[in-house]
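In UniProt numbering, the protein residues as written are 1 to 241.
Positions of the beta carbon are idealized from the N, C-alpha and C atoms, including for glycine.
Predicted model only: the values in this text are computed from it and were never measured.
The following block contains the structure:
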């Protein structure tokens, strides 16, 4: 029988009530994973507002719109660690039990609990297994590299988005470098990380929207999986689909 852990529990509050507490938590990472892409915004959340059924998280380091109707449950997990630092997290799940996005406290347990420690907890849950990821080298001609290398070459401003049911998260800025490492194509800025698994992107669907180029990542089945890059036509001019 799997043992339950007091470190991981359901939260007895809705998503809106939990998200309203983010500005109390100091630096956090709001991370979304899908289709081999991990999109992370990092830093304090300055304000949380409501726009109908959408919770908007804003700040110098955050730009996310969350459809709270898509969130069926929230789980708090205080078991995470990196070396000697605690990395507590909130996982926001859909009705099928899949994680839509997570919020990770980057400053340890004390500020995390200052934000959410007063929330009532529900059922204790088993600890989750932590599989060891498979790592392979990223091919030099991996299609996933193209838009980011093009943006770095031009030095213009681009927007990198993750668009999923229940979440739109964006980062806007200049791509200084593209760093393939440990099986991932990485774009790293102080307030943003993108980790794109090698081989996840088979092609990019290119569209023009006014004076912008919009590139949507597609997998081997020809399906878009939510990762988009957009910018002025000149900013992505070095990219050829």
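- Work out the CA separation of residue 163 and residue 232 for me, nearest whole Å. Counting from one through the chain shown, the residue named residue 232 turns up at place 232. Counting from one through the chain shown, the residue named residue 163 turns up at place 163. Roughly 19 Å between the two C-alpha positions.
- Query: Where does residue 70 fall in DSSP's three states?
  - Reply: On the chain shown, residue 70 is found 70 positions in, with the first residue counted as 1. It is helical.
- Message: According to DSSP, is residue 105 part of a helix, a strand, or is it coil?
- Response: The residue given as residue 105 occupies position 105 in the chain shown. When DSSP states are grouped into helix, strand and coil, residue 105 belongs to the strand group.
- Task: Would you decide whether residue 82 is buried or exposed? Buried here means 16 or more other CB atoms lie within 10 Å of its CB.
- Result: On the chain shown, residue 82 is found 82 positions in, with the first residue counted as 1. The residue is exposed, with fewer than 16 neighbouring Cβ atoms inside 10 Å.
- Given a cut-off of 7 Å, decide if residue 218 and residue 202 are closer than it, judged by their beta-carbon atoms. Locating residue 202 in the chain shown gives position 202, where the first residue counts as 1. Locating residue 218 in the chain shown gives position 218, where the first residue counts as 1. Yes; because the gap between Cβ atoms is below 7 Å, this pair is in contact.
- Message: Cutting at 8 Å between CB atoms, please list the residues of its own chain near residue 99, excluding the five before and the five after it.
- Response: Taking the first residue of the chain shown as 1, we reach residue 99 at position 99. Taking C-beta separations shorter than 8 Å and ignoring five residues to either side along the sequence, the partners of residue 99 in its chain run 33, 91, 92, 93, following chain order.
- Task: Have a look at 129, 165, 181 and flag the residue whose alpha-carbon is nearest the alpha-carbon of residue 96.
- Result: Here the question's residue 96 lines up with position 96 in the chain shown. Considering only 129, 165, 181, the residue with the shortest C-alpha distance to residue 96 is 165.
- DSSP state of residue 148 mapped onto helix, strand, coil: The count along the chain shown starts at 1 and reaches residue 148 at position 148. Note: residue 148 maps to helix in three-state DSSP.
- Message: Along the chain, where does the alpha helix (DSSP H) containing residue 60 start, and where does it finish?
- Response: Locating residue 60 in the chain shown gives position 60, counting from the first residue. It is not in any alpha helix (DSSP H) - residue 60 carries neither H nor E in the DSSP assignment.
- Task: Starting from the C-beta of residue 86, find all residues in its chain whose C-beta is less than 6 Å away, skip the five residues before and the five after it, and write them out in chain order.
- Result: For this step, residue 86 is matched to residue 86 along the chain shown. Cβ neighbours of residue 86 beyond the five flanking positions: 108, 109.
- Message: DSSP three-state label for residue 119, please.
- Response: Position 119 of the chain shown, counting from 1, holds the residue named residue 119. Here residue 119 sits in coil by DSSP.
- Three-way DSSP call (helix, strand, coil) for residue 17 in this model: Along the chain shown, read from residue 1 onward, the residue named residue 17 stands at position 17. Note: residue 17 maps to helix in three-state DSSP.
- Using alpha carbons as the reference points, say which of 184, 21, 17 lies closest to residue 148. Working through the chain shown from its first residue, we reach residue 148 at position 148. Looking from the CA of residue 148, the closest CA among 184, 21, 17 belongs to 184.
- Message: Tell me the residue span of the beta strand (DSSP E) that contains residue 48.
- Response: Stepping through the chain shown from its first residue, residue 48 is reached at position 48. 47 to 51 is the extent of the beta strand (DSSP E) around residue 48.
- residue 190 to residue 211, Cα distance in whole Å? Counted from its first residue, the chain shown places residue 190 at position 190. Counted from its first residue, the chain shown places residue 211 at position 211. Just so you know, the alpha carbons of residue 190 and residue 211 end up roughly 28 Å apart.
- Message: Among 223, 57, 157, 170, whose alpha-carbon lies nearest the alpha-carbon of residue 176?
- Response: Counting from one through the chain shown, the residue named residue 176 turns up at place 176. Of 223, 57, 157, 170, the residue nearest in Cα terms is 157.
- Task: Output the distance between the C-alpha atoms of residue 154 and residue 12, rounded to the nearest integer angstrom.
- Result: The residue you call residue 154 lines up with position 154 of the chain shown. The residue you call residue 12 lines up with position 12 of the chain shown. A straight-line Cα-Cα distance of about 48 Å links residue 154 and residue 12.
- CB-CB under 6 Å to residue 103, same chain, minus the five flanking residues each way: which ones, in chain order? Looking up residue 103 in the chain shown gives position 103. Only 28, 30, 90 meet the Cβ criterion.
- Please say whether residue 228 and residue 216 have beta carbons closer to each other than 7 Å? Position 216 of the chain shown, counting from 1, holds the residue named residue 216. Position 228 of the chain shown, counting from 1, holds the residue named residue 228. Contact flag set, yes.
- Message: Need the endpoints of the beta strand (DSSP E) that residue 186 sits in, please.
- Response: For the purposes of this step, residue 186 is taken as residue 186 along the chain shown, with counting starting at 1. Start and end: 184 to 189.
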